[in-house]
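Colleague: Just so you know, we're using the working numbering here: the sequence shown kicks off at 18 and counts up by one. We put the beta carbon where it would ideally sit given N, CA and C, even for glycine.
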Amino acid sequence: MSKKDEDLINRIAEGARAGRVSRRDFMNYSMAAGLTTAGATGLWAKSASAAPQRGGTFRWGIHDGNTGDTHDPGTYLTRTMIFLAHTHRSFLTMINGDGSLGPDLANSWEGSADASEWTFELTDKASFHSGKKVTADDVIASLNHHRGDDSTSAAKALLSDVVDISKDGDYVVKVKLSGGNADFPWLMTDYHLAICPANDDGTINWKSGDGSGPYKIDSGEFGVQFSLSRHDGWHGEGAWFDKVEMITLNDPNARQTALVTGDVDAVSLIELKTMALLGRDRNINIFNIPSAGAITLPMHCNKPPFDNVDVRTAMKLAIDRDEIIEKIAFGAATKGNDFHHSPAQPYWPDDIPQHEYDPDKAKALLKKAGHDGLSVSLSTADSIYAGAVDMAVLYAEQAKAAGINIDVVREPNDGYYTDVWLKKPFCMVSWGARPTPDVMYTLAYKADAAWNESFWVNDRFNELLLMAKAELDDTRRAEMYREMAMIAHDDGGTIIPFFNNFVYAARANVGTPDQLAASWENDGARAASRWWFTG
């Protein structure tokens, strides 16, 4: 490298540290000066990413919010609820930018030899926005909120194996399980398991919106907007912005326009069909992050015609995933195979036969099932995914070759997950990423799970799920997850066209860490605490 190029790279790095150079320009200038992509990425991490700055109001446009949302963590569902939870409340553990498990309220955790007992040591530095210290009593009450016969929490299935939760002083929590669960600390990252202040009777005070997260709520209205300010008692790293405005922008055109005009600093989802055009704007950075998030089409197995496995298989064979990924996802996706275990999770079984588009076989299966000329309705909405309605229409066209008539029903964005999902027998759903197959299967495939979206019951699958939780031998555990994947593939009621990348964007003056978490959009839903303004 010439002295001239070396001097140029040094000036670029200095500009990045001072916040005068965007990530995109930094990468372009560095490679033009002779650095490789890897070298430029590493230099960015050492310069711009290492020097976040405090100040400013972060305006965040979010693509999924309803007026019926609440502060009850057991009801968290929409992106607004999830992102707000990660902004104003805390959890025992968190998923780091590199995908590893890290501390939040818990400084450390340790399991027994058989993984049936877990001990969490809490930080003594955390406080709620009301001023109260966060203690073991708050953690116990918050976890118990999702347990018991009277609980209506969506996370009830995640804690069904918990036998007892106790404390050892103010800052140690002990959890006993009915059997081993090697993934239990990962479960504590689930967005429902936010820690709220305990009441004297052992319940939690969730209605006030009090939390111990990096930002406190100053005002807000679900489905509209929330205004927050930095919590001086925040126990973690980050929280660089002074204030945060979370704005619900369900309409994709309004959301993208707000980003282009500078009315917001970042958005949680962009229109994929205009991604290339938007990428030409020097004022905007686009992030395209592979994830274990998925688009699913659950069929209610307890209702005809989907109570017939041949019909379910026919519907899986009547969809051309390759065409959908090309025309709807614009390549920003990984092909699905009708079991909710993604390549981004551990124990990935890569030898399951792929469900390919085969309308002739689908037609034969429908004839065998006595459902020639099948007609079904498929519900969808714009807020589910960029191009969700177009995707449903394309699937309907593909299915015609199998003699299937799909009536695409465009549902309202507001109330979709309360009025459509789990109620209408065939719909489209967007799932956020889960860190392990056990978490995903427990939430959405376990027979008695509140979110068993296809109402599918398979005794062998449920038996394996219980066995795999307690299996500490990785080879044996991988074998169990492979068998479970095969059962869901052959018998399950969920079509999975693809695992979608999280594609979102921010203005060029927004700084981000070099590694962005793939658990949710916007850096694992933690953009407010992990990002900053560069100038």
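Going along the chain, which unbroken runs of the alpha helix (DSSP H) with 4 or more residues stay wholly within the stretch 453–533?
Modeller: DSSP runs (the alpha helix (DSSP H)) wholly in the stretch 453–533: 454–461, 476–487, 491–508.
Colleague: Could you name the residues of the same chain whose beta carbon sits closer than 8 Å to that of Ile79, not counting the 5 residues immediately before and after it, in chain order?
Modeller: So the qualifying residues of the chain are Arg96, Thr97, Phe100, Met263, Ile264, Thr265, Leu266, Val284, Ser285.
Colleague: Ser107 and Ser229 look like a contact to me (Cβ under 8 Å); what is the Cβ gap, rounded to whole Å?
Modeller: Yes, Ser107 and Ser229 are in contact; Cβ-Cβ is about 5 Å, under 8 Å.
Colleague: From which residue to which residue does the beta strand (DSSP E) around Pro315 run?
Modeller: Looking at the DSSP string, the run of the beta strand (DSSP E) that includes Pro315 is 311–315.
Colleague: Rounding to the nearest angstrom, what Cα-Cα distance links Ala311 and Phe75 in this structure?
Modeller: Taking the straight line from one Cα to the other gives about 28 Å.
Colleague: Using CA coordinates, which residue listed in Gly72, Asp465, Glu134, Asp154 is at the minimum distance from Asp141?
Modeller: Asp141 has its Cα closest to that of Asp154, out of Gly72, Asp465, Glu134, Asp154.
Colleague: Measure the C-alpha to C-alpha separation of Ala495 and Asp455 and round it to an integer number of angstroms.
Modeller: Taking the straight line from one Cα to the other gives about 11 Å.
Colleague: Rounded C-beta distance between Met111 and Leu314? I'm assuming under 8 Å.
Modeller: Between Leu314 and Met111 the Cβ distance is about 31 Å, and since that is not below 8 Å, they are no contact.
Colleague: Under 9 Å, do Gly197 and Ala487 count as touching if we go by C-beta distance?
Modeller: Closer than 9 Å, so yes.
Colleague: Could you check where the alpha helix (DSSP H) with Leu391 kicks off and where it finishes?
Modeller: Segment: none, Leu391 is in no alpha helix (DSSP H) and carries neither H nor E.
Colleague: Let's see if you can read the secondary structure: which residues bound the beta strand (DSSP E) around Asp154?
Modeller: Careful: Asp154 lies outside any beta strand (DSSP E), inside the alpha helix (DSSP H) at 153–161.
Colleague: Pick out the complete alpha helix (DSSP H) segments inside the stretch 335–416, 4 residues or longer, and give them in chain order.
Modeller: Listed in chain order, the complete alpha helix (DSSP H) runs (minimum 4 residues) inside the stretch 335–416 are 338–344, 376–386, 405–416.
Colleague: Assuming Asn539 and Ala350 make a contact with CB atoms under 8 Å, what is their CB distance in whole Å?
Modeller: That pair is no contact at about 18 Å.
Colleague: Which value, in whole angstroms, describes the spacing of the CA atoms of Ala413 and Asp167?
Modeller: Distance between the alpha carbons of Ala413 and Asp167 is about 41 Å.
Colleague: Report the three-state DSSP secondary structure of Pro269 (helix, strand or coil).
Modeller: Note: Pro269 maps to helix in three-state DSSP.
Colleague: Taking the alpha carbon of Pro429 as the point to measure from, which residue in Met457, Trp448, Ala398 has its own alpha carbon closest?
Modeller: Of the candidates Met457, Trp448, Ala398, the one whose C-alpha sits nearest the C-alpha of Pro429 is Ala398.
Colleague: Using the C-alpha atoms, what's the distance from Ala199 back to Ala346?
Modeller: The straight-line gap from Cα to Cα measures roughly 35 Å.
Colleague: For Ile306, collect the residues of the same chain with a Cβ closer than 7 Å to its Cβ; drop the 5 residues on either side in sequence, then sort them by chain order.
Modeller: Around Ile306: Asn518, Phe519, Leu533, Ala535.
Colleague: Is it buried or exposed, Thr53, if we count other Cβ atoms within 10 angstroms and call 16 or more buried?
Modeller: Answer is exposed; the Cβ neighbour count stays below 16.
Colleague: Evaluate Arg493 with the Cβ neighbour count: other Cβ atoms within 10 Å of its Cβ, from every protein chain shown; 16 or more gives buried, anything less gives exposed.
Modeller: Looking at its Cβ environment, which holds fewer than 16 other Cβ atoms inside 10 Å, Arg493 is exposed.
Colleague: Could you name each continuous alpha helix (DSSP H) segment of 4 residues or more that falls completely within the stretch 246–303, going from the start of the chain to the end?
Modeller: Fully enclosed alpha helix (DSSP H) runs of 4 or longer: 269–278, 292–295.
Colleague: Considering Cα atoms alone, identify which of Gly148, Met44, Gln273, Thr435 is closest to Lys233.
Modeller: Considering only alpha carbons, the answer is Gly148.
Colleague: In whole angstroms, what separates the C-alpha of Arg357 from that of Trp365?
Modeller: One point to set straight first is that residue 357 is His, not Arg, in the sequence displayed. Distance between the alpha carbons of His357 and Trp365: 10 Å.
Colleague: With distance defined between alpha-carbon atoms, name the residue in Trp251, Gly296, Ile421, His105 nearest to Tyr521.
Modeller: Of Trp251, Gly296, Ile421, His105, the residue nearest in Cα terms is Gly296.
Colleague: Compare the C-alpha of Ala416 against each of Leu334, Pro321, Asp178 and name the closest.
Modeller: Measuring from the Cα of Ala416, the nearest candidate turns out to be Leu334.
Colleague: For Leu210, is the classification buried or exposed, using 16 other Cβ atoms within 10 angstroms of its Cβ as the cut-off for buried?
Modeller: Counting Cβ neighbours within 10 Å, Leu210 comes out buried, since at least 16 surround it.
Colleague: Count the CB pairs spanning the stretch 169–188 and the stretch 220–228 that are closer than 8 Å, and state whether there are at least three.
Modeller: No: fewer than three Cβ pairs fall under 8 Å.
Colleague: Considering only their Cβ atoms, is the gap separating Ala403 from Ile287 smaller than 9 Å?
Modeller: It is a contact, given that the beta carbons lie within the stated cut-off.
Colleague: Give the list of continuous beta strand (DSSP E) stretches no shorter than 3 residues that lie fully inside the stretch 130–202.
Modeller: With a minimum length of 3 residues, the continuous beta strand (DSSP E) runs that stay inside the stretch 130–202 are 134–139, 179–184, 189–194.
Colleague: Take His506 as the anchor and find which of Asp375, Thr551, Glu254, Ile369 has the nearest alpha-carbon.
Modeller: The residue with the shortest Cα to Cα distance from His506 is Ile369.
Colleague: Can you tell me which of the three DSSP states Ala35 falls into?
Modeller: Caution is warranted here: a pLDDT of 47 is assigned to Ala35, below 50, making its placement in the model unreliable, and the coordinate value is therefore given only provisionally. It is coil, neither helix nor strand.
Colleague: Which residues in the same chain as Asp465 place their Cβ atom closer than 7 Å to its Cβ, once the five residues preceding and following it in sequence are excluded?
Modeller: Only Ala174 meet the Cβ criterion.
Colleague: Go ahead and label Ser400 buried or exposed: buried means 16 or more other beta carbons lie within 10 angstroms of its beta carbon, across all protein chains shown.
Modeller: Buried is the call here.
Colleague: Taking 8 Å as the cut-off, does the stretch 370–381 touch the stretch 245–263 (at least 3 CB pairs, one atom from each stretch)?
Modeller: These segments do not touch.
Colleague: Once you ignore the five residues that flank Ser359 on each side, which residues in its own chain have a CB closer than 6 Å to its CB?
Modeller: Result list for Ser359: Ala309, Phe516, in chain order.
Colleague: From His103 to Pro90, what distance separates their C-alpha atoms?
Modeller: Answer to the nearest angstrom: the Cα atoms are 11 Å apart.
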